[in-house]
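Undergrad:
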Amino acid sequence: MRFRFVPAALVAAAMLTSLSCVRSGAAENTPPGDVARPVSSETPSDTASVSGLPVDSTAMDSGQNTLFGIPVDSYNVKTEKVRRNQFISSILAAQGISWNDIEKLLSDNKETFDPRRVRSGSSYSVLTTKDTLSKTEYIIYQHDPRVSYVFSFKDTLAIYRHDAEIRRLLRYSSGTISTSLWEATLEQNLNPNLSAELSEIYAWTIDFFGLQKGDRFKVIYEEDFIGDESVGISRVHAAEFEHAGSTIYAIPYIQDSVMSFYDTTGASLRKAFLKAPLRFSRISSRFSGARMHPILKIVRPHHGVDYAAPVGTPVLAIGDGRVTSTAYEGGSGRIVRITHNSVYSTAYMHLSRFGPGISPGVYVRQGQVIGYVGSSGLSTGPHLDFRFYRNGSPIDPLKVEAPPVNPVAPESMDEFNRVAEAYIKLLATIKY
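For the sequence shown, the working numbering begins at 1 and goes up steadily by one.
1. So, helix, strand or coil for Ser122, using DSSP?
2. Give every residue of the same chain whose Cβ lies closer than 8 Å to the Cβ of Glu229, excluding the five residues on either side of it in the sequence, and list them in chain order.
3. Am I right that Leu398 and Arg322 are in contact with their C-beta atoms under 8 Å? What's the rounded C-beta distance?
4. As an exercise, report each continuous alpha helix (DSSP H) stretch of at least 4 residues that is fully enclosed by the segment 163-226, in chain order.
5. When the distance is taken between beta carbons, is Ser74 closer than 9 Å to Lys154?
6. On a Cα-Cα basis, can you pick out the residue from Thr136, Asn76 and Thr132 that is closest to Ala94?
7. From Gly381 to Val219, what does the alpha carbon distance come to, in whole angstroms?
8. For Gly210, count neighbouring Cβ atoms within 10 angstroms of its own Cβ and tell me buried if that reaches 16, exposed if not.
9. Here's a check: name, in chain order, each residue in its chain whose Cβ is nearer than 6 Å to the Cβ of Ser345, leaving out the five neighbours to either side.
10. Looking only at its own chain, which residues have a Cβ that is under 8 Å from the Cβ of Ala184, when we skip the five neighbours before and after it?
11. Hey, quick one: how far does the alpha helix (DSSP H) through Ser107 stretch, first residue to last?
12. If you draw a straight line from the C-alpha of Tyr363 to the C-alpha of Asn417, how long is it?
13. Among Asp114, Ala309 and Pro252, which has the Cα closest to the Cα of Pro277?
14. Look at Gly355 and Val315 and say whether their C-beta atoms are less than 9 Å apart.
15. Taking Ile139 as the reference, which of Ala267, Arg161, Ser199 and Gln368 has the closest Cα?
16. When burial is assigned at 16 or more other CB atoms within 10 Å of the CB, is Asp414 buried or exposed?
17. Please check the pair Ile201 and Ala244, which I expect to be a contact at CB under 8 Å, by giving their CB distance rounded to whole angstroms.
18. Between which two residues does the alpha helix (DSSP H) holding Lys419 run?
19. When DSSP labels each residue in this structure, what does Asp306 get in the three-state scheme?
20. With distances taken from CA atoms, which of Leu157, Ile102, Glu222 and Gly377 is nearest Arg168?
21. Quick one: Cα of His383 to Cα of Ala327, how far?
22. What residues in its chain sit with their C-beta under 7 Å from that of Pro192, if we drop five residues either side in the sequence?
23. Does the separation of the CB atoms of Ile159 and Asn109 fall below 9 Å?
24. For Ser412, which residues of its own chain have a beta-carbon under 7 Å away from its beta-carbon, when the five flanking residues on both sides are left out?
25. Taking buried to mean at least 16 other C-beta atoms within 10 Å of its own C-beta, is Tyr141 buried or exposed?
26. To the nearest angstrom, how far is it from the Cα of Tyr423 to the Cα of Phe241?
27. With DSSP as the reference, label Gly331 as helix, strand or coil.
28. Residues in its own chain within less than 8 Å of Ser325 by CB, not counting five upstream and five downstream?
29. So the alpha helix (DSSP H) Ala347 belongs to, where does it begin and stop?
30. Is Glu80 near Ser123, with beta carbons less than 9 Å apart?
31. Taking the CB atoms as reference points, tell me whether Lys78 and Thr128 lie closer together than 9 Å.
32. Quick one: is Val258 buried, meaning 16 or more other Cβ sit within 10 Å of its Cβ, or exposed?
33. Quick one, are the C-beta atoms of Leu92 and Phe151 less than 9 Å apart?
34. With distances taken Cα to Cα, identify the nearest neighbour of Ser268 among Ser260, Glu421 and Ala428.
35. From which residue to which residue does the beta strand (DSSP E) around Ala238 run?
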């Protein structure tokens, strides 16, 4: 596998032919000038301080170590991990912050910090004075490599946000599969998110569970770095995948203000899902990270959307796929699980009965009846609990942004062909 920076001159020449991108919030098929630069900063950042946080200039002048403008050498510093089901309020309380101060702090800074977004496993550092009082003056919570929050208790109660400086590099890679796409990226120390991006782009055209040894790919993409650490793939520009003797290009093109990937004929690489698995229904409960369970009376995540409908209402498969399970699963009641491709799968819960011929291994078509609304399992009344998964993780079905499945419009084919030709030429320069 190879990966390196795209030569600036080559990029500029290819991009000027006409490549697609979205810039400054506007959708257009125009040359992305910023992309031609191998290094750029996404977020202007003062590495010494956080915007709005008072900076101790005396400490900075004296050469003390500072973090976000705080002279950390003047404090005892203890770093911990957020435990599962731990709230920011309990973290603050454990450091001696009063509940009145916690309530005021979170209320006054709700536009800056959302306490519901605290992640288990994230790090936080507690800075306490070195005197006998050992008073907590700062708590620094690192939400992820990109974003940190400073909780200040020194003079006034405040929360400040710090966005790390991001370097965005335009790169291109190639690889040959020996076992899996995931393993291929790991073996070359590439960001594993690259395999996830490729598998999503090709989800409808390549079965990534059936890759063969010798399959190979090329890809042009932008990767984000903080210092020397890769923190994510910001965008895939184009790709080429050789699988089972066929070469499938992924050409980006913006149509109707939405960017999607197409093959060289202008056909979309993706298929649409139905907007809902029921024709007539209403939403009775939405996807939530913390919902009061109507029967158990405890707060826990609800990773689906509930559709209220009469018993016996037909439930439809939202897309083509293979049934992987039809069973009675405790609180979920009668449930049908469908795998649509190597990325997406769905589940349909609390059914009264399964649809005709629906059993594990059966291939279903979009819109086919796979069951009927019921109230089986833990349920207060007839409804469908619909779950949507991406790579095994639940996502909000109402926020799935399915790009258009229509092919490139005939009147746009000349422009699309120019875009495709430019990308194909650029991909051809990448060696295996």
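Where is the CB? At the ideal position from N, CA and C, for every residue including glycine.
TA: The short version:
1. coil
2. Pro145
3. Rounded, the Cβ-Cβ distance is 25 Å, inconsistent with contact.
4. 181-187 and 193-201
5. no
6. Thr136
7. 49 Å
8. exposed
9. Thr339 and Tyr389
10. Met1, Gly175, Thr176, Ile177, Ser178 and Ser195
11. Trp99 to Asp108
12. 35 Å
13. Ala309
14. yes
15. Arg161
16. exposed
17. Not confirmed; about 17 Å, so no contact.
18. Sequence inspection shows Val at residue 419; the Lys mentioned does not correspond to that position. First-last of the alpha helix (DSSP H) with Val419: Met413 to Ala428.
19. strand
20. Glu222
21. 17 Å
22. Trp182, Thr185 and Leu186
23. yes
24. Gln255
25. buried
26. 14 Å
27. helix
28. Ile335, Val336, Arg337 and Pro360
29. Element bounds for Ala347: not the alpha helix (DSSP H) but the beta strand (DSSP E), Tyr344 to Phe354.
30. yes
31. yes
32. exposed
33. yes
34. Ser260
35. Glu229 to His243
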